[in-house]
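K.L.:
Using the working numbering, the final residue of the sequence shown is 1138, and nothing's skipped along the way.
The C-beta atom is built at its ideal place from N, Cα and C for all residues, glycine as well.
Just so you know, these numbers come straight off a predicted model, no measurement behind them.
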Amino acid sequence: MISRRHFLATGSLAAAAVALRPRTLFAQETLAPILVQFRKAGIDAKIQTQALRGKVSALIGSGGNIAVLTGADGKVIIDSGMSTSKPQISEALAGLSGDPVKHLINTHWHFDHTDGNEWMHGAGAAIMAHENTKKRLSTPQTMEIVQATFPAAPAGAIPTETFTEKKTLHLNGEELHLVHYAPAHTDTDIYIYFEKADVLHIADTWFNGNYPLIDYSSGGNINGMIAAADRSLKVAGAKTIIIPGHGNVGDKEQLTKYRDMLVDCRDSVAALKKQGKTKDEVVAAKPTAKYDAAWGGGLINPAAFTGLVYQGV
Ligand SMILES: [Zn+2]
């Protein structure tokens, strides 16, 4: 997980994102401050290895949560973390098994899930993702919520294989189901379900324990986030281990609580907007107040989350 200090630092950035600066300030040559900040954090990031079930583990601590499936067909890695964490991630991968790195799957295009793509590809991994992930990584992208523009990813970081709706892979005795969500956190989101291990990686459609970032600049929206949670809940059973993009590994019960919180906040904000209230007025009314202590301490603070919901209802 990103450190608390880091969350607080970026939280103020997200809050400030309400007032957008003109695009001319987003020179492509200048790296986005948030990218610089995450790469810096990645240098010293401690990677925690969490054995989940069967041959599936989670590596937590650099960018989004990484999952790894080991076996004779080579390691299958879900998301690549920050590039600056290469030494620690390599060590954690070596600690799991001696299988070579062969397959990398990106859950979506965001930098905190794809920044390590280039070195993993260099280490031998083919990169698979939804076709929209390839499109977005191939061209400069703006994320209004963090006031940042990202240059196109280097050639070695671009997915080498893409799909549109779903793809099934048979690797290491496991059946992996890769399925595209309708636009939710972005328009590039997929889930990966390890059927035998009964482990489901749902990436940034779930921030476990925090209000989620919804990237409207990449096609995301609050109703899509709710629909994605509903879809994940249909895939998950009572014993399914569910990996969020950020936060602790969880289960169906926790995901259900998150989904219900999203629905309640969406409905409260929509009712106020329907009365003709402006975004500032709705934020001032604190419609998410009863959830703020539990969910509002992350990258997206209560005001930022209310604004994100307002934007989509
Ligand atoms: Zn994301």
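What did DSSP end up calling Q966 once you bin it into helix, strand or coil?
P.N.:
As a working note, residue 966 is residue 141 in the sequence shown. DSSP places Q966 in strand when its eight states are reduced to three.
K.L.:
Expressed to the nearest angstrom, what Euclidean distance is found between the alpha-carbon atoms of L996 and G899?
P.N.:
Counting from one through the sequence shown, the residue named residue 996 turns up at place 171. Counting from one through the sequence shown, the residue named residue 899 turns up at place 74. Rounded to the nearest angstrom, the two C-alpha atoms are 8 Å apart.
K.L.:
Report the three-state DSSP secondary structure of E916 (helix, strand or coil).
P.N.:
Position 91 of the sequence shown holds residue 916. Helix, per DSSP.
K.L.:
Would you give the residue range spanned by the alpha helix (DSSP H) that Q1079 belongs to?
P.N.:
Counting from one through the sequence shown, the residue named residue 1079 turns up at place 254. From DSSP, the alpha helix (DSSP H) with Q1079 extends over K1077 to K1099.
K.L.:
Using only the alpha-carbon positions, how far apart do Q972 and Q873 sit?
P.N.:
Walking along the sequence shown from the start, residue 972 turns up at place 147. Walking along the sequence shown from the start, residue 873 turns up at place 48. Their Cα atoms are separated by approximately 30 Å.
K.L.:
Helix, strand or coil for T958? Go by DSSP, reduced to three states.
P.N.:
Start at 1 with the first residue of the sequence shown, and residue 958 comes out as number 133. The answer is helix: DSSP assigns T958 an H, G or I state.
K.L.:
With a cut-off of 8 Å, do at least 3 Cβ pairs link the stretch 1032-1046 to the stretch 1073-1090?
P.N.:
With the cut-off at 8 Å, the stretch 1032-1046 and the stretch 1073-1090 touch.
K.L.:
According to the Cβ coordinates, are L1001 and F1019 closer than 7 Å?
P.N.:
Against the sequence shown, residue 1001 aligns to sequence position 176. Against the sequence shown, residue 1019 aligns to sequence position 194. Result yes, Cβ atoms of L1001 and F1019 sit closer than 7 Å.
K.L.:
With a threshold of 7 Å on Cβ separation, who are the neighbours of V1004 within its own chain once the five nearest residues in sequence on each side are excluded?
P.N.:
Within the sequence shown, the letter at position 179 stands for residue 1004. K991, I1015 and Y1016.
K.L.:
Quick test of your reading: H1010 and G889, contact by CB under 8 Å. State the CB separation rounded to the nearest angstrom.
P.N.:
Within the sequence shown, numbered from 1, the residue matching residue 1010 stands at position 185. Within the sequence shown, numbered from 1, the residue matching residue 889 stands at position 64. With 8 Å as the limit, H1010 and G889 do not qualify as a contact, their Cβ atoms being about 11 Å apart.
K.L.:
Taking the CB atoms as reference points, tell me whether L856 and S882 lie closer together than 7 Å.
P.N.:
Locating residue 856 in the sequence shown gives position 31, counting from the first residue. Locating residue 882 in the sequence shown gives position 57, counting from the first residue. Cβ distance not < 7 Å, so L856 and S882 don't count as in contact.
K.L.:
Report back the beta-carbon spacing between V1138 and I1039 to the nearest angstrom; my notes put them in contact at under 8 Å.
P.N.:
Against the sequence shown, residue 1138 aligns to sequence position 313. Against the sequence shown, residue 1039 aligns to sequence position 214. That pair is no contact at about 12 Å.
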